[in-house]
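As you go down the protein sequences, you meet chains A and B in turn.
For the first sequence, the residue numbers in numbering that gives the first Met the number 0 are 0 to 256.
For the second sequence, the residue numbers in numbering that gives the first Met the number 0 are 0 to 207.
The C-beta atom is built at its ideal place from N, Cα and C for all residues, glycine as well.
Computed from a predicted model, the values in this text were never measured in an experiment.
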Amino acid sequence: MGARMDSPTESELSFSRPPIVEAVVERRFATSIGMDVVESLRRQFEPGYPAISQLAEMSVTVNPIGAQPQVSHNMTGYRLTDRNASAVILISTNGIVFSRLAPYPGWREFSEGAAAVFQTARETMKYSTLSRIGVRYINRIDIPVRIADAKVVPIQLEDYLLIYPTFPASVLPPAQGYTMQCITFLPNIECRATIGVATVPPAVPHHLSIVFDIDLGREVQVPQREDEISEVLDMIRSEKNRIFVSCLTDKAKELFQ
Amino acid sequence: MTISTVGANYVISYGAGEVVVGASALSTTLGDLFSQGRRPPPSSETRTTRHIFKPLEETKEIRLFNIIAALKMAVAEVSMHLDPTWRARLFRQIDMLHEPDDWDDEDKLADQESFKTFLHMILQYGCMHGISLGIDNDGRILAGWEDGSSSLSFSFLPKDKVRWSVVHRQDEDIESASGISSLDRLPAVLQPYNPKAWYDNADNIPSR
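Take a look at the structure:
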């Protein structure tokens with residue numbers, strides 16, 4: 000099967016049960032912002048996103064000459080979730096992430112939701128140079144497990160996804176699970192693409208679940224103006240759709256209808 | 000040693016570094032630093048900055064918002080397999096179960112593993128109608144139906160196990176039974192009590 004280079008049409012992407020578990024837009028800051036700004040942003044978003052948890056990182060400094068190791072537990076930001084658990088905002092000293100959970104409402108509603116969050120953030124924190132803008136779509140393919148003659152019928156991953164691991168059958172028995180990541184640069188949109196494929200615990204009983212994770216981000220010539228950001232996000236979206244459609248088989252797409 | 004304030008926090012600067020603490024940790028940290036000060040610092044010690052983690056004050060409302068969000072997120076993860084109307088009704092039930100006035104600070108919140116088993120039942124056997132949900136004192140999710148003197152109830156345990164209880168009226172006789180089964184075995188063990196009559200016609204059965 001040859002790889003297609005054109006963007007898929009809307010009808011090719013129209014599924015009654017889209018496999019998108021989470022759609023994410025990230026803006027990363029060139030220099031870290033202060034925790035006081037993070038706190039201001041939290042207060043700003045809190046009314047619409049009342050479920051709050053803290054983001055923290057732990058570091059341990061070990062001194063080789065015998066002093067006690069130092070453990071620090073630093074708060075880096077907040078995770079805020081809206082009342083219906085349909086949208087999540089991550090605010091940290093390094094960036095802001097807007098995430099839309101399933102069911103995916105379509106690009107228009109998703110990007111408008113993200114734009115509203117970033118607009119509010121910009122009004123609160125003023126200007127901060129961006130070092131990355133990125134879009135990530137985490138898809139999960141739930142494949143029904145069939146039983147024939149009281150035995151589980153093995154699932155051939157290549158029947159569903161065109162990115163999969165291969166290895167000589169004489170070396171290893173069939174894989175029970177796998178994780179794969181492909182990183183590449185897409186010169187047409189000047190973005191780094193990180194494509195992840197992995198088996199995960201089944202989300203639905205008697206199914207095999209595979210995560211198909213597409214993460215595209217611009218880290219060079221990062222646009223700073225809202226109109227330029229919007230333009231780049233549209234290009235990223237188009238490329239993400241092309242990758243999505245090109246890497247799935249018709250048999251996989253049937254599962255989403 | 001100097002103490003200054005940054006927002007709601009205190010910055011304690013001392014010989015070996017700085018510590019940033021919230022008000023609640025100020026006196027403990029000062030005591031700690033004074034006792035350290037009586038010991039000679041190791042020659043290798045370098046100046047460091049520590050930011051002491053200040054946990055967010057968890058009010059009852061925040062705890063409830065967080066568990067509502069966690070349960071709805073679990074639903075969202077499998078929402079592509081659920082009927083949107085049924086999902087919306089489930090979300091309303093989750094909200095109703097977490098009315099702040101009905102909860103005390105020490106009440107145990109819903110157990111997410113129990114809720115996962117409930118969701119697995121729905122995914123395995125389809126959206127059940129007229130279902131009435133509850134949460135017991137141990138945080139387990141309960142589901143039940145009632146029709147006159149007959150009733151069916153489930154208590155969802157972790158790892159796809161269900162404690163079930165049925166009261167079945169047959170003419171003038173009333174039978175009752177209960178047990179613990181795996182989700183896979185549930186239809187078989189409930190078969191004598193015609194469980195599909197509960198689920199399928201349940202829109203006509205008033206929920207508890």
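{"Asked": "Proximal residues to residue 59 of chain A (C-beta, below 6 Å), its chain only, five neighbours per side dropped", "Found": "68 and 70"}
{"Asked": "Chain A contact residues for residue 95 of chain B, given Cβ-Cβ distances below 9 Å", "Found": "None at all; the shortest Cβ gap to chain A is about 13 Å."}
{"Asked": "Residues within the region 148-172 of chain B neighbouring chain A, beta-carbon criterion of under 9 Å", "Found": "159"}
{"Asked": "Simplified DSSP assignment, three categories, for residue 13 of chain A", "Found": "coil"}
{"Asked": "Partner residues on chain B for residue 187 of chain A, Cβ-Cβ distance less than 8 Å", "Found": "The contacting residues do not exist; residue 187 of chain A stays about 31 Å from chain B at best."}
{"Asked": "Proximity below 8 Å, CB of residue 208 of chain A to CB of residue 199 of chain A", "Found": "yes"}
{"Asked": "Under 8 Å (Cβ pairs) to chain B, residues found in the region 44-57 of chain A", "Found": "49, 50, 51, 52, 53 and 55"}
{"Asked": "Cut-off 8 Å between Cβ atoms - residues of its own chain near residue 103 of chain A, not counting five sequence neighbours on either side", "Found": "17, 19, 22 and 109"}
{"Asked": "Classification of residue 56 of chain A by the beta-carbon crowding that lies within 10 angstroms, buried from 16 upward", "Found": "exposed"}
{"Asked": "Best match in A:211, A:43, A:235 and A:220 for proximity to residue 122 of chain A [C-alpha to C-alpha]", "Found": "A:43"}
{"Asked": "Among B:128, B:56, B:104 and B:106, the one whose alpha carbon lies nearest that of residue 88 of chain B", "Found": "B:128"}
{"Asked": "Outcome for residue 173 of chain B when other beta-carbon atoms lying within 10 angstroms are tallied against a minimum of 16", "Found": "exposed"}
{"Asked": "CB-CB length for residue 79 of chain B against residue 100 of chain A, believed under 8 Å", "Found": "Not really, about 11 Å apart at Cβ, beyond 8 Å."}
{"Asked": "Three-state class that DSSP yields for residue 41 of chain B in the structure shown", "Found": "Low per-residue confidence applies at residue 41 of chain B: pLDDT is 42, beneath 50, and the placement is therefore not dependable, though the value from the model is reported in the following sentence. In the structure shown, residue 41 of chain B sits in coil (DSSP, three-state: anything other than H, G, I, E or B)."}
{"Asked": "7 Å Cβ shell around residue 115 of chain B - same chain, five flanking residues per side excluded", "Found": "73"}
{"Asked": "CA nearest to the CA of residue 58 of chain B, picked from B:102, B:92 and B:96", "Found": "B:102"}
{"Asked": "Buried versus exposed call for residue 176 of chain A [16 or more other C-beta atoms within 10 Å across all chains shown]", "Found": "exposed"}
{"Asked": "Short-range partners of chain A found in the region 95-125 of chain B, where Cβ spacing is below 7 Å", "Found": "119, 122 and 123"}
{"Asked": "Short Cβ contact (8 Å threshold) for residue 142 of chain A with residue 254 of chain A", "Found": "yes"}
{"Asked": "For residue 81 of chain A and residue 47 of chain A, the rounded distance between their alpha carbons", "Found": "6 Å"}
{"Asked": "Neighbour flag for residue 101 of chain A against chain B, beta carbons, 8 Å", "Found": "yes"}
{"Asked": "contact_flag[the region 207-223 of chain A, the region 123-139 of chain A] where n(CB pairs < 8 Å) is 3 or more", "Found": "yes"}
{"Asked": "Span separating the alpha-carbon of residue 106 of chain B from that of residue 226 of chain A", "Found": "49 Å"}
{"Asked": "Inter-residue Cα distance where the pair is residue 214 of chain A and residue 94 of chain B", "Found": "34 Å"}
{"Asked": "Residue-level contact to chain B via CB, residue 116 of chain A, 8 Å cutoff", "Found": "no"}
{"Asked": "Contact set between residue 78 of chain B and chain A, taken where Cβ atoms lie within less than 7 Å", "Found": "101 and 102"}
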